[in-house]
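Peer 1:
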Amino acid sequence: MDSERKIRELLSEFVLLHFKRPVEADFRDLRSALLFCMFLDWFGLDNPLGIYILDFYPELLSEFHLWHRTLGLEHFSLSFLPCC
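Its first residue numbered 29, the sequence shown is counted upward by one per residue in the numbering used here.
1) Where does the unbroken alpha helix (DSSP H) through Glu91 begin, and where does it stop?
2) Less than 8 Å between C-beta atoms, sequence neighbours within five positions excluded: which residues of the same chain meet that for Phe84?
3) Once you ignore the five residues that flank Gly78 on each side, which residues in its own chain have a CB closer than 8 Å to its CB?
4) Starting from the Cα of Trp95, find the closest Cα among Leu82, Pro86, Ile81, Asp57 and give me that residue.
5) In angstroms, rounded to a whole number, what distance separates the CA positions of Pro50 and Val43?
6) With a threshold of 16 other CB atoms inside 10 Å of the CB of Phe55, please say whether the residue is buried or exposed.
7) Rounded to the nearest angstrom, what separates Glu99 and Glu32 at their Cα positions?
8) How would you call Phe71, buried or exposed, if buried means at least 16 neighbouring beta carbons within 10 angstroms?
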């Protein structure tokens with residue numbers, strides 16, 4: 029019984045290390061890239077999809093706040109964004 033539990037814990041850790049953490053890291057990277065692409069025009073860059081995502085901006089401002097906090101910025105320096 030004890031060896032079965034140890035094997036289950038070992039397999040669980042294996043799955044966590046080799047599958048779950050890399051997928052979570054890729055998800056964070058893709059999320060950051062998506063948010064950056066959606067706010068390109070707010071950074072002064074041309075955004076070819078800007079007209080298609082106008083409806084998402086009010087909902088994404090809270091996500092933008094969480095995103096710049098994960099980048100290590102306590103307060104976002106651009107004054108035209110209603111954040112912080």
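Every residue, glycine too, gets a C-beta built ideally from N, C-alpha and C.
Computed from a predicted model, the values in this text were never measured in an experiment.
Peer 2: Taking the definition as stated:
1) Under the DSSP assignment, Glu91 falls in the alpha helix (DSSP H) whose first and last residues are 85–98.
2) Excluding sequence neighbours, Phe84 sits near Met66.
3) So the list reads Leu68, Asp69, once near-sequence residues are dropped.
4) Nearest C-alpha to Trp95: Asp57.
5) Annotation: Pro50 to Val43 spans about 10 Å, alpha carbon to alpha carbon.
6) Exposed is the call here.
7) Before going further, note that residue 99 is Leu rather than Glu in the sequence given. Computed Cα separation, rounded: 42 Å.
8) Around the beta-carbon of Phe71, fewer than 16 other beta-carbon atoms lie within 10 Å, marking it exposed.
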